[in-house]
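Read the structure below first, then the notes.
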Amino acid sequence: MKKWKSGFVYLLVAIILVQIGVTYTSFPNAVKAGSQAGDTFIAKESEWKYWDQGTYPGDTWRDQTFNDTAWKSGKGALGYNPKNAEIKINTTISYGAVEDKKYPVYFFRKNFEVKGADKYLRANLALKADDSAVIYVNGNEVKRVRLADGAINFGDYSGQQSADAVEYEGIKLGAIPLKEGTNTIAVAIFQQKGTSSDVTFDAELTGFTTPEEVAADGDYTPSKIAVTFFGNTQTQKGFTWHTKAEVGSDLQYVKVAGSGAPNFVGAQTVTGTQEANDAAIGGFSHQVAAKYLDSGTTYWYRVGDKTRDTWSEPAKFTTQKRDTKAFDFLYVTDSQGSSEEEYSWTDATLNKGFGMFPNSEFILQTGDLVNTSSSPAEWGWLFRTSQKLLSNTTIAAATGNHDAFNNSFRQHFYYDHPANANNLNKGVYYSFDYGPAHFMMLNTNDQDSRALDPTQLAWLKADAKKAREDGAKWLVVAFHKGIYTVASHMTDSEIVTLRDQLAPVFDELGIDIVLQGHDHSYFRSQQMDGKTPIAVDKIGKVEEDGISRDVDPGGQSYHVINTSGYKFYQPQSESKMSAAGVYPAKYAQPMLQMFAGISFTEDRFTYKAYTYDAKSAQTARVAATPANLFDTYGILKTDKAKAVTAEIAALPEKVTLTDEAAILAAKAAYDNLDTTLQKYVTNSDVLVAKLADLEKLQTEEPTPEQPDPDVPEPETPTEQPVAPEVPTTNPERENAPKPVTSTNGDTLTEEVAAEKGLPTTGDTPTMWALITLGGSFLVLGTSLLWRRKYK
1191 MKKWKSGFVY
1201 LLVAIILVQI
1211 GVTYTSFPNA
1221 VKAGSQAGDT
1231 FIAKESEWKY
1241 WDQGTYPGDT
1251 WRDQTFNDTA
1261 WKSGKGALGY
1271 NPKNAEIKIN
1281 TTISYGAVED
1291 KKYPVYFFRK
1301 NFEVKGADKY
1311 LRANLALKAD
1321 DSAVIYVNGN
1331 EVKRVRLADG
1341 AINFGDYSGQ
1351 QSADAVEYEG
1361 IKLGAIPLKE
1371 GTNTIAVAIF
1381 QQKGTSSDVT
1391 FDAELTGFTT
1401 PEEVAADGDY
1411 TPSKIAVTFF
1421 GNTQTQKGFT
1431 WHTKAEVGSD
1441 LQYVKVAGSG
1451 APNFVGAQTV
1461 TGTQEANDAA
1471 IGGFSHQVAA
1481 KYLDSGTTYW
1491 YRVGDKTRDT
1501 WSEPAKFTTQ
1511 KRDTKAFDFL
1521 YVTDSQGSSE
1531 EEYSWTDATL
1541 NKGFGMFPNS
1551 EFILQTGDLV
1561 NTSSSPAEWG
1571 WLFRTSQKLL
1581 SNTTIAAATG
1591 NHDAFNNSFR
1601 QHFYYDHPAN
1611 ANNLNKGVYY
1621 SFDYGPAHFM
1631 MLNTNDQDSR
1641 ALDPTQLAWL
1651 KADAKKARED
1661 GAKWLVVAFH
1671 KGIYTVASHM
1681 TDSEIVTLRD
1691 QLAPVFDELG
1701 IDIVLQGHDH
1711 SYFRSQQMDG
1721 KTPIAVDKIG
1731 KVEEDGISRD
1741 VDPGGQSYHV
1751 INTSGYKFYQ
1761 PQSESKMSAA
1771 GVYPAKYAQP
1781 MLQMFAGISF
1791 TEDRFTYKAY
1801 TYDAKSAQTA
1811 RVAATPANLF
1821 DTYGILKTDK
1831 AKAVTAEIAA
1841 LPEKVTLTDE
1851 AAILAAKAAY
1861 DNLDTTLQKY
1871 VTNSDVLVAK
1881 LADLEKLQTE
1891 EPTPEQPDPD
1901 VPEPETPTEQ
1911 PVAPEVPTTN
1921 PERENAPKPV
1931 TSTNGDTLTE
1941 EVAAEKGLPT
1951 TGDTPTMWAL
1961 ITLGGSFLVL
1971 GTSLLWRRKY
1981 K
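Start counting the sequence shown at 1191; every next residue gets the next number (the numbering used here).
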């Protein structure tokens, strides 16, 4: 466009703005509040102060009053050795003298001016950060990017890897602590590790005087839907979802009827609660509990706002059957990622797991669902990649250290936590029953000392005790920070503290199985008696269907199922394991995603761990990418066999006919055992002998009563009275058939009686018992038990 034309256009726009009442004032060194599109406080490729000396400049480096005159200056983007040619570095900074041990952290500062600071409601940051970052405004932390929660070590690597910083990331800061006039932003950029090849930093900061605008069609649409256990697993469920706008919190559910689409006419409606999320997450979280469900029933459901009639897509959930004796579930951990692709690996892993264990009734996940719990993008990636699965199954999750930012875990998963639980902003703990097992999901983030706080520990002891009293056959504990592992976290001070606290408690409570996370490596322990391994030769073994089971091993079995995500940690040396008091039965780092299918019955625990190349499954089909069996383990409890053994031992030494019921009950109990458990009934030969004695008594003729030797025999009369002759005929009736009445009312004629050899007339002190069976007469014989006249 020619200069005069462009000038004319600018003049015309200015005239129009004046006509509609909009004025524009230039502030050469400050930004005035009032722009609806956002006001740029710091532009891209601006000048920054930076510190690249490999040392920590002190805790005040982030403050506005800090003296940074000794720091270097350079234009963004700043960094070195970009791997990608598309990344433009305007200022090259130093990584130190050793290429394989580059500086872990770089520090950047910049002042900017603001007028009308109190009118700015929020701010956004366009950021290039390779690998991780923490951002401060006027000394206050406002955001972490790919950096763990908790205390920050400014002398260490982050362990988190970013994608190449080709594009700027859009980071929502929410409300930030601006003040009138000069403000200071300070940023620390962390390398993943000493051998990282490059580093990049640049930023653009924009302020807004209006609330965040959302698309009209998406204001009320539910997202991030999760179904959880909430109290009684037979009759209750918990539901959580998010919306961008403040709307109603309603759940509708109806029983599945047939194979057609759901009909929510007449559905049950439950209204829950909502709360505003932390500013870093944005939007609103909604929580509802359905408490009057039928056991063993599948329901259609949807969540949303009944007033606006805005609902999620229909999905299904199923309650536990009332008398569940056996069940399966999937065990995974540490899905955390830094890109949507990496979260898709967890989705592929879970789908493969459900394909191989289709009867799995829930997912048990032991924490670090996301890498940065204050990142709405990461929560979005997690749920977006796995939403179909998470909407249609139940998840029992433990809070990881990466999930514990400012109520973030609680606002994504709704569990019935104890009313007196502390530090809910850092996660929750809860328990639930399923079949013969009781699960206790702990929160290992609940206090800074890293041991469980006294309230949680007291709850754990009371909960486990009650579960045993209520008849639980198995006690399972699950949590994030594994106390027995083999990789880099094995000797962390907080892990040692937890190990010293929990291992003796688990033994005291009779915990059977411990499922863990955090250490991103595969591990299965020997059976542990508190902190002491149980000698292998002290534990019996039995082989069943390719599973080697420990028989009544006692103690605890600890597990870490590596990761379903992208980060892998290498096991430490066996000498370090021994020094730390860690005793593995198996450990490895297969460098693949993993899952375990776990089964419980009243007598058996079965554990099958699989590796899965989830990354390859994204380019191939999930079904076409095989999962490979990596490890198996099992436990057999012989409590039922011991009970039958005791029942047999209680039978009387000498069998009489009155012992029949007790002997047959013992036989029924023995027959109800499977063939493996029958081998552990140590006195089954005694039962066989008792059954033989009983059968003999039932088939023998009664033994005549023997005279008592201490009672003198009565004198025998020398002369026996002659019995009167019984006439064989009755003159009055000899010409007619004479009916004889049997005990059941049947009659027989004299001819039949004669055929049977029975008398037909007269009185006699002898009774013949006649019983009809199928219409015929059965003669049992004579008896003096009772007397009766017959005709």
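Note that the Cβ used here is the ideal one computed from N, Cα and C, for glycine as well.
Being a predicted model, the structure only gives us computed values, none of them experimental.
Residue from the options with nearest C-alpha to residue i
i	options	result
Lys1886	Ala1855, Asn1873 and Glu1850	Glu1850
Thr1425	Leu1854, Asp1409, Ile1853 and Thr1488	Thr1488
Ala1267	Gly1286, Trp1238 and Ala1287	Trp1238
Gln1717	Lys1776, Asp1883 and Lys1798	Lys1776
Asp1709	Ile1685, His1679 and Leu1699	His1679
Gly1384	Val1618, Tyr1521, Gly1244 and Val1871	Gly1244
Arg1312	Gly1625, Ala1341, Tyr1347 and Gly1397	Gly1397
Asp1702	Ala1858, Thr1796, Gln1646 and Gly1771	Thr1796
Glu1503	Ala1451, Lys1318, Gly1543 and Asp1513	Ala1451
Pro1743	Tyr1246, Ala1769, Leu1363 and Ser1715	Ser1715
Ile1325	Ile1283, Val1295, Ile1379 and Thr1282	Ile1379
Phe1669	Asn1633, Lys1721, Ala1858 and Lys1656	Asn1633
Thr1508	Ser1475, Ile1585 and Gly1545	Ile1585
Burial state of residue i, where buried means 16 or more other Cβ atoms lie within 10 Å
i	result
Ser1806	exposed
Ala1833	exposed
Lys1651	exposed
Lys1265	exposed
Thr1848	exposed
Met1631	buried
Gln1209	Confidence is the limiting factor: at Gln1209 the pLDDT is only 39, short of 50, which leaves the residue's position unreliable, though a coordinate-based value still follows. Classification of Gln1209: exposed, given that the 10 Å Cβ count is below 16.
Asp1740	buried
Met1781	exposed
Pro1644	exposed
Gly1527	buried
Thr1259	exposed
Thr1951	Residue placement at Thr1951 is flagged as unreliable, the pLDDT there being 47, under the threshold of 50; a coordinate-derived value is accordingly withheld.
Phe1198	Residue confidence is low: Phe1198 scores 38 on pLDDT, short of 50, so the model does not pin down where it sits. No coordinate-derived value is stated.
Asp1513	exposed
Asn1752	buried
Val1288	exposed
Leu1854	exposed
The beta strand (DSSP E) enclosing residue i, as first and last residue numbers
i	result
Met1784	Gln1783 to Phe1790
Asp1229	Asp1229 to Ile1232
Ile1361	Glu1359 to Gly1364
Leu1819	Ala1817 to Leu1826
Thr1488	Thr1488 to Asp1495
Lys1869	Note, Lys1869: premise wrong, no beta strand (DSSP E); not H, not E.
Val1704	Ile1703 to Gly1707
Glu1733	Gly1730 to Glu1734
Ser1806	Counting along the chain, Ser1806 falls outside any beta strand (DSSP E), though it belongs to the alpha helix (DSSP H) covering Ala1804 to Ala1807.
Gln1458	Gln1458 to Thr1461
Supposed contact pair residue j and residue i - C-beta distance, whole angstroms, cut 8 Å
i	j	result
Val1455	Ala1480	No, Val1455 and Ala1480 are not in contact; Cβ-Cβ is about 18 Å, not under 8 Å.
Ala1505	Tyr1491	6 Å
Gln1464	Gln1442	Their Cβ separation, rounded to whole angstroms, is 16 Å, which puts Gln1464 and Gln1442 out of contact at 8 Å.
Arg1336	Asp1321	6 Å
Phe1519	Phe1552	5 Å
Tyr1759	Met1784	Not a contact, Cβ separation roughly 13 Å.
Ile1361	Asn1330	Incorrect: roughly 16 Å between the Cβ atoms, too far for contact.
Asn1635	Asn1591	6 Å
Gly1700	Leu1665	6 Å
Boundaries (first-last residue) of the alpha helix (DSSP H) holding residue i
i	result
Gln1646	Pro1644 to Glu1659
Ala1852	Glu1850 to Asp1861
Lys1265	First-last for Lys1265: Lys1262 to Lys1265, but that is the beta strand (DSSP E), not the alpha helix (DSSP H).
Glu1764	Glu1764 to Ala1770
Lys1886	Ser1874 to Thr1889
Glu1843	Where Glu1843 is concerned, there is no enclosing alpha helix (DSSP H), given that its DSSP letter is neither H nor E.
Residue i: CB within 7 Å of a non-hydrogen atom of the ligand GTP
i	result
Val1834	Looking for the ligand GTP in the displayed structure turns up nothing, as the structure carries no ligands at all.
In chain order, each alpha helix (DSSP H) run of at least 4 residues that lies wholly inside the segment 1300-1332: none
Beta strand (DSSP E) runs contained entirely in the segment 1267-1299, provided each spans 3 or more residues: 1268-1270
Every unbroken alpha helix (DSSP H) inside the segment 1512-1546 [4 residues or more]: 1530-1546
Minimum length 4: unbroken alpha helix (DSSP H) runs contained in the segment 1547-1615: Listed in chain order, the alpha helix (DSSP H) elements of length 4 or more contained wholly in the segment 1547-1615 are 1566-1581.
Length-filtered (3 minimum) beta strand (DSSP E) runs lying within the segment 1669-1698: none
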